[in-house]
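Asks: Here it is, the structure, as structure tokens.
Number of protein chains: 2
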Amino acid sequence: MGESARRRLGGWGFEGEDFPPTGEFLRWLERHLGTGVAVLRGPGRPWRLPAGRELPELAAEVSQDERDRLTHSRGQGLPDILRLRAGAVGFTPDAVCRPATFEEVGEVLERCDQAGIRIIPWGGGTSVTGGVNVIDDQVPTLSLDLERLGELENFDERSRLATFGAGVTGPRVESSLAELGMTLGHFPQSWELSTLGGWVVTRSSGQESLGYGRIDDMVAGLRLVAPAGSLELAPSPGSAAGPDLRRFVLGSEGRFGIVTSVTVRVHPSPQRRVVQAALMRSWDDGLEVVRELTQNRTPLTMLRLSDAPETQVAMAVGLQASRSEPLIRGYLRVRGFGPRACLLLFGATGGSKAIDRAIDGARSVLRRHRGLPLGSKPGAKWLRDRFRHPYLRDGLLDSGYATDTLETAAPWSALEEVRDHVRKAISGALTDRGEAVAVLSHISHPYLDGASLYFTFFFRTTALVEQNIARWAKIKRAATRAIVSSRATLTHHHGIGQWHAPWLPEEIGPSGVAALRAVADALDPKGILNPRVLLDPVDRLEA
Amino acid sequence: MGESARRRLGGWGFEGEDFPPTGEFLRWLERHLGTGVAVLRGPGRPWRLPAGRELPELAAEVSQDERDRLTHSRGQGLPDILRLRAGAVGFTPDAVCRPATFEEVGEVLERCDQAGIRIIPWGGGTSVTGGVNVIDDQVPTLSLDLERLGELENFDERSRLATFGAGVTGPRVESSLAELGMTLGHFPQSWELSTLGGWVVTRSSGQESLGYGRIDDMVAGLRLVAPAGSLELAPSPGSAAGPDLRRFVLGSEGRFGIVTSVTVRVHPSPQRRVVQAALMRSWDDGLEVVRELTQNRTPLTMLRLSDAPETQVAMAVGLQASRSEPLIRGYLRVRGFGPRACLLLFGATGGSKAIDRAIDGARSVLRRHRGLPLGSKPGAKWLRDRFRHPYLRDGLLDSGYATDTLETAAPWSALEEVRDHVRKAISGALTDRGEAVAVLSHISHPYLDGASLYFTFFFRTTALVEQNIARWAKIKRAATRAIVSSRATLTHHHGIGQWHAPWLPEEIGPSGVAALRAVADALDPKGILNPRVLLDPVDRLEA
Numbered sequence: 001m002g003e004s005a006r007r008r009l010g011g012w013g014f015e016g017e018d019f020p021p022t023g024e025f026l027r028w029l030e031r032h033l034g035t036g037v038a039v040l041r042g043p044g045r046p047w048r049l050p051a052g053r054e055l056p057e058l059a060a061e062v063s064q065d066e067r068d069r070l071t072h073s074r075g076q077g078l079p080d081i082l083r084l085r086a087g088a089v090g091f092t093p094d095a096v097c098r099p100a101t102f103e104e105v106g107e108v109l110e111r112c113d114q115a116g117i118r119i120i121p122w123g124g125g126t127s128v129t130g131g132v133n134v135i136d137d138q139v140p141t142l143s144l145d146l147e148r149l150g151e152l153e154n155f156d157e158r159s160r161l162a163t164f165g166a167g168v169t170g171p172r173v174e175s176s177l178a179e180l181g182m183t184l185g186h187f188p189q190s191w192e193l194s195t196l197g198g199w200v201v202t203r204s205s206g207q208e209s210l211g212y213g214r215i216d217d218m219v220a221g222l223r224l225v226a227p228a229g230s231l232e233l234a235p236s237p238g239s240a241a242g243p244d245l246r247r248f249v250l251g252s253e254g255r256f257g258i259v260t261s262v263t264v265r266v267h268p269s270p271q272r273r274v275v276q277a278a279l280m281r282s283w284d285d286g287l288e289v290v291r292e293l294t295q296n297r298t299p300l301t302m303l304r305l306s307d308a309p310e311t312q313v314a315m316a317v318g319l320q321a322s323r324s325e326p327l328i329r330g331y332l333r334v335r336g337f338g339p340r341a342c343l344l345l346f347g348a349t350g351g352s353k354a355i356d357r358a359i360d361g362a363r364s365v366l367r368r369h370r371g372l373p374l375g376s377k378p379g380a381k382w383l384r385d386r387f388r389h390p391y392l393r394d395g396l397l398d399s400g401y402a403t404d405t406l407e408t409a410a411p412w413s414a415l416e417e418v419r420d421h422v423r424k425a426i427s428g429a430l431t432d433r434g435e436a437v438a439v440l441s442h443i444s445h446p447y448l449d450g451a452s453l454y455f456t457f458f459f460r461t462t463a464l465v466e467q468n469i470a471r472w473a474k475i476k477r478a479a480t481r482a483i484v485s486s487r488a489t490l491t492h493h494h495g496i497g498q499w500h501a502p503w504l505p506e507e508i509g510p511s512g513v514a515a516l517r518a519v520a521d522a523l524d525p526k527g528i529l530n531p532r533v534l535l536d537p538v539d540r541l542e543a
Numbered sequence: 001m002g003e004s005a006r007r008r009l010g011g012w013g014f015e016g017e018d019f020p021p022t023g024e025f026l027r028w029l030e031r032h033l034g035t036g037v038a039v040l041r042g043p044g045r046p047w048r049l050p051a052g053r054e055l056p057e058l059a060a061e062v063s064q065d066e067r068d069r070l071t072h073s074r075g076q077g078l079p080d081i082l083r084l085r086a087g088a089v090g091f092t093p094d095a096v097c098r099p100a101t102f103e104e105v106g107e108v109l110e111r112c113d114q115a116g117i118r119i120i121p122w123g124g125g126t127s128v129t130g131g132v133n134v135i136d137d138q139v140p141t142l143s144l145d146l147e148r149l150g151e152l153e154n155f156d157e158r159s160r161l162a163t164f165g166a167g168v169t170g171p172r173v174e175s176s177l178a179e180l181g182m183t184l185g186h187f188p189q190s191w192e193l194s195t196l197g198g199w200v201v202t203r204s205s206g207q208e209s210l211g212y213g214r215i216d217d218m219v220a221g222l223r224l225v226a227p228a229g230s231l232e233l234a235p236s237p238g239s240a241a242g243p244d245l246r247r248f249v250l251g252s253e254g255r256f257g258i259v260t261s262v263t264v265r266v267h268p269s270p271q272r273r274v275v276q277a278a279l280m281r282s283w284d285d286g287l288e289v290v291r292e293l294t295q296n297r298t299p300l301t302m303l304r305l306s307d308a309p310e311t312q313v314a315m316a317v318g319l320q321a322s323r324s325e326p327l328i329r330g331y332l333r334v335r336g337f338g339p340r341a342c343l344l345l346f347g348a349t350g351g352s353k354a355i356d357r358a359i360d361g362a363r364s365v366l367r368r369h370r371g372l373p374l375g376s377k378p379g380a381k382w383l384r385d386r387f388r389h390p391y392l393r394d395g396l397l398d399s400g401y402a403t404d405t406l407e408t409a410a411p412w413s414a415l416e417e418v419r420d421h422v423r424k425a426i427s428g429a430l431t432d433r434g435e436a437v438a439v440l441s442h443i444s445h446p447y448l449d450g451a452s453l454y455f456t457f458f459f460r461t462t463a464l465v466e467q468n469i470a471r472w473a474k475i476k477r478a479a480t481r482a483i484v485s486s487r488a489t490l491t492h493h494h495g496i497g498q499w500h501a502p503w504l505p506e507e508i509g510p511s512g513v514a515a516l517r518a519v520a521d522a523l524d525p526k527g528i529l530n531p532r533v534l535l536d537p538v539d540r541l542e543a
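Just so you know, the protein sequences line up as chains A and L, in that order.
When we follow the numbering used here, the leftmost residue of the first sequence carries the number 1, and every step to the right adds one.
When we follow the numbering used here, the leftmost residue of the second sequence carries the number 1, and every step to the right adds one.
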């Protein structure tokens, strides 16, 4: 990763970076799914890009460069990657605009509002819900890339408040804060690419949310520019001055305006970061440990429990090329850790004393639930690779397998039923086509009252892009139906975008939709801001 | 306090309960303000109550009883009490309606929406911002008292979630939970009278917010009935499914609908509750201690720092009738604790080990800042009386002094400037009338990034109710202007109501107002729900 590295087109991350699947993992996939047809990188046929339409003069930098428009045409969902690999990109924005100031954003919005130009706000472009996708060419469309609003604007040391331009990426947030001895502690998997503004409008949650909270908790103030006016919410530790408008903006996905700067609550940089591993005899044991550690407020910053299939894959990959594999497996079996065993990662940050207290607290709960400590090696590996995992999808496509993830959250009492329901929906989604789907799941964001559930699924690919996308859409629909019918939330941290939007009314009801739509109409009366996300009920999974 | 006790009319709490000022305190007031004219309890002239207008048949219990209408005419703001004592009640609702179910609330709303009847939702009626006040008789008005929706409806032990009818009062919340070994931990000063639904729609914060959070943090799910439809938000530990509609309802003050039930996050009942006291040499020292204890996450559940005048009053009251007073004062002065000394209370709840750790952590920070530990006596006294303090106002009025409180919050870096600005505004507000105003302040809700500021002020009363109200309004306007011009929030936990509404646009701007109004219009198109609060910009301090 480097600031000057070029973003890969039609794949995750930066050119030159890769995280290929191990041979052991590919054999596991072949065993479960059969052999797939490799999906070639790079367009199967040349990009056919119509020229960008002429736009009125805008008060900010505008590019109609072909590659620029291509990279801003879609996010990072599986169908996006499949289409880009096939060269079947569909539609692109007519131009990419990069305002450098709050004022420029306002002027661009005003001009576009007058001229009827649609705006799709662009942070890191890592949406996996169709959140930045251009899906028609009915009206001229501008991608509004906020990368030039990417600086630390203010630091209030006493209050531990830092104000950043909304287009600042994860690494830049942390490097700016590190110079001040501080950290935000927000580490979503997309961290290397995604931006603070993107985190806010999609209600992101990072891997250390147990310690540092969701982005929702971190936002003390913000600035939003909308066609009908701007919203400037000063940092406030707590207030009862009507409904909290910061919370209106959180999750608004660009529909209510463009977030231009955000003031976040920051913390002293931890001296150390430790992630330990343990093996639990069963999912149920692991679930009890995670719930107990969370509810008794053991001061951990992360907890992650993999189910048995995910644990098997992790072990297969981790133990590959290890000549002691049969020995280790034999040992574990004897100790009662058979194929139902589940891997638990638990982490803490801070000074040595704080970390010791947290880890000791965790170990004593683990012991009571017959967990087997595995030490710090698996955790160190996870820490090292945690932002590289998204690259795996590209390597899998090269080998004939597609993968995607989806997630939800539910109260502890409903968690097992939801997980079961969703797993079954995913794994059986292609049965009528005679295709297997492999599914792994884990918990990674526990709360006092419940936890997130994260699902990773795999299916094999064919030579036909539309067929691959149809398979994916079928799985996605089945899983989403299972989630909403369980009354779990549609998404814990991926957002709604275009793809979850048809189901949102089932979660929040017609009055909830009416309330959100009313705010959008008030701040963006002509509906120029990303009108296909959040509130547009059309199923666009295959668009 | 007892469930069958009768609410006092024109004063705080229950008939028969009192918390009179000590002689020492009255002497302190006389010294600072001069002698006032006692404000008589009970109407100076008989209530003149027009008959309630005839209303259409409603699907719930309806009362037009005169006392019922009187008790539902106003909240507990100082001018409310002054008017009620004088018998100058103004307007009353035409009737009080007490629905017993969610469905009845819906039917009542539908009928009132058709018939153009205004509804003022009523929880505990403890608003100190004019939040439940009937201020005209232009349209028939119904007070919708939710007291019959006051039961524990569901308890999910694994998820630690409890669902209550919104009309449940504080003591009932805690007694229901205590039977299950649980607590909510929400203790606003109004706790004996106020209700869960009221806490939610005014974004209440309790005295142990440092440990248990604000009501905002406690709400996992809720049910709201509005004229345009209902909103049912299932409990969810965390979500990215668009903006969080729970947060739209929090602080909506009845404008968006009637909250009928709330699911809250609850905690195991603490074995013990300890509050310790210490004396700091100065406000600045105390401020540093509070900030440090909060930012280093010492697991306290409360922190309260009184400024020097509040400390002097507390000592005068506490030491009255103590023959050792001169001795104690002399000792303190020698040790460097003169008239600038500030009282700090710090509390913890839980098991003995957890409490010891928190208190020890606090003491070591205190020592570094040259604090003098005072042990647990002052804290025990505060705990004993914490819900009785509101009765003090009635006793003071009997003696010729009016008192009121107001509050805000600000980042740590701005706190001292805000406090100074507001204190000066209050104490000088009546200078042009030749009247002194005494003002005490404290911090009682610290956060990582800032804290609340709470002001208690006193002025002497005359025989004329309108003159007393005019004095109060002048102070209130000066203080509020000081708050908004400092860019601090209008209110940390009292809410907006009618009285802060004219200033809300200065805090959230026209776009913020437009967003809130849009939601109100969507859910309550005819504006029958409490239309004078939150968004009505008319100054009604003297209404």
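The C-beta atom is built at its ideal place from N, Cα and C for all residues, glycine as well.
Note that the coordinates shown come from a computational prediction; the quantities given were computed from them, not determined experimentally.
#1: Report the rounded CA-to-CA distance for residue 534 (chain A) versus residue 176 (chain A), giving the unit in angstroms.
#2: Quick check on DSSP: helix, strand or coil for residue 442 (chain A)?
#3: Who are the neighbours of residue 295 (chain L) on chain A, taking C-beta pairs under 8 angstroms?
#4: Using the Cα positions of residue 250 (chain L) and residue 222 (chain L), report the straight-line distance between them to the nearest angstrom.
#5: Give the DSSP-derived three-state secondary structure of residue 2 (chain A) in the structure shown.
#6: Taking the alpha carbon of residue 150 (chain L) as the point to measure from, which residue in L:164, L:156 and L:157 has its own alpha carbon closest?
#7: Write down the C-beta distance between residue 455 (chain L) and residue 484 (chain L) rounded to the nearest angstrom, noting that I regard them as a contact closer than 8 angstroms.
#8: Residue 414 (chain L) by DSSP, collapsed to three states: which one?
#9: Looking at the structure shown, is residue 355 (chain A) part of a helix, part of a strand, or coil, going by DSSP?
#10: When you compare the CB of residue 235 (chain A) with every CB in chain L, is at least one pair closer than 9 angstroms?
#11: Measure the beta-carbon distance from residue 109 (chain L) to residue 508 (chain A) and round it to whole angstroms, keeping in mind my assumption that it falls under 8 angstroms.
#12: Using the beta-carbon count (16 or more within 10 Å), is residue 127 (chain A) buried or exposed?
#13: By the three-class DSSP mapping on this structure, what secondary structure does residue 301 (chain L) have?
#14: Would you give the residue range spanned by the beta strand (DSSP E) that residue 154 (chain A) belongs to?
#15: Comparing alpha-carbon positions, which option in A:231, A:328, A:337 and A:274 lies nearest residue 282 (chain A)?
#16: Taking only beta carbons into account, state which residues of the region 190–203 of chain L come closer than 7 angstroms to chain A, listed in chain order.
#17: Which residue spans inside the region 425–508 of chain A form an unbroken beta strand (DSSP E) run of at least 3?
#18: Where residue 340 (chain L) and residue 308 (chain L) are concerned, what is the direct C-alpha to C-alpha distance, given to the nearest angstrom?
#19: Beta carbons nearer than 9 angstroms to chain L: which residues of the region 521–536 of chain A have them?
#20: Any Cβ of chain D within less than 9 angstroms of the Cβ of residue 401 (chain L)?
#21: Where does residue 183 (chain A) sit, in a helix, a strand or coil, going by DSSP?
#22: For residue 25 (chain A) and residue 239 (chain A), I'd like the C-alpha separation in whole angstroms.
#23: Looking at the secondary structure, which residues open and close the alpha helix (DSSP H) in which residue 209 (chain A) lies?
#24: If the cut-off is 9 angstroms on Cβ atoms, which residues from the region 422–456 of chain A count as contacting chain L, listed in chain order?
#25: Can you name, in chain order, every residue of its own chain whose Cβ lies under 7 angstroms from the Cβ of residue 362 (chain A), other than the five neighbours on each side?
#26: Rounded to whole angstroms, how far is the Cβ of residue 520 (chain L) from the Cβ of residue 256 (chain L), which I believe are closer than 8 angstroms?
#27: Spell out whether any CB of chain L is found under 9 angstroms from the CB atom of residue 420 (chain A).
#28: Show which residues of chain L have a CB atom less than 8 angstroms away from the CB atom of residue 244 (chain A).
#29: Using 8 angstroms as the cut-off, can you tell me whether the region 84–92 of chain L makes contact with the region 401–419 of chain L, which would need three or more C-beta pairs spanning the two stretches below that distance?
#30: Sort out for me which residues DSSP pairs residue 384 (chain A) with in a bridge.
#31: Could you tell me the alpha carbon to alpha carbon distance between residue 13 (chain A) and residue 203 (chain A), rounded to whole angstroms?
Replies: On the basis of the coordinates in this document:
#1: Each residue's alpha carbon lies about 32 angstroms from the other.
#2: The answer is strand: DSSP assigns residue 442 (chain A) an E or B state.
#3: 160, listed in chain order.
#4: Roughly 10 angstroms separates the two Cα atoms.
#5: At residue 2 (chain A), the pLDDT of 42 sits below 50, so the modelled position is not reliable and the matter cannot be decided from this model.
#6: Of the residues L:164, L:156 and L:157, the one whose Cα lies closest to the Cα of residue 150 (chain L) is L:164.
#7: Rounded, the Cβ-Cβ distance is 15 angstroms, inconsistent with contact.
#8: Of the three classes helix, strand and coil, the one that applies to residue 414 (chain L) here is helix, per DSSP.
#9: Residue state, collapsed to three classes: helix.
#10: The C-beta of residue 235 (chain A) comes closer than 9 angstroms to at least one C-beta of chain L.
#11: Between residue 109 (chain L) and residue 508 (chain A) a beta carbon distance of about 20 angstroms is seen, past the 8 angstroms cut, so the two are scored as non-contacting.
#12: The residue is buried, with at least 16 neighbouring Cβ atoms inside 10 Å.
#13: Here DSSP, grouped into helix, strand and coil, assigns residue 301 (chain L) to coil.
#14: Residues 152–156.
#15: The option with the nearest alpha carbon to residue 282 (chain A) is A:337.
#16: Interface annotation for the region 190–203 of chain L against chain A: 202 and 203, criterion Cβ-Cβ distance under 7 angstroms.
#17: Every beta strand (DSSP E) of 3 residues or more that sits fully in the region 425–508 of chain A is shown, in chain order, as 438–443 and 450–460.
#18: C-alpha separation (whole angstroms): 5 angstroms.
#19: Cβ contacts with chain L: 521, 522, 523, 534 and 535.
#20: Absence of chain D from the displayed structure is noted, the protein chains being A and L.
#21: Three-state result, residue 183 (chain A): strand.
#22: If I take the Cα positions, the gap works out to 51 angstroms.
#23: Its alpha helix (DSSP H) spans residues 209–212.
#24: For the region 422–456 of chain A, which is checked against every Cβ of chain L, the residues closer than 9 angstroms are 445, 446, 447, 448, 449, 450, 451 and 452.
#25: Scanning its chain for C-beta atoms nearer than 7 angstroms, with the 5 sequence neighbours on each side dropped, one finds around residue 362 (chain A) the residues 293, 298, 300 and 346, in chain order.
#26: About 6 angstroms; that satisfies the 8 angstroms criterion.
#27: The beta carbon of residue 420 (chain A) sits no closer than 9 angstroms to any beta carbon of chain L.
#28: For residue 244 (chain A), the C-beta contacts it makes with chain L under 8 angstroms involve 203, 216, 247, 250 and 251, in order along the chain.
#29: Touching, no.
#30: Paired residue(s): none; residue 384 (chain A) is not in a bridge.
#31: Cα-Cα distance, rounded: 21 angstroms.
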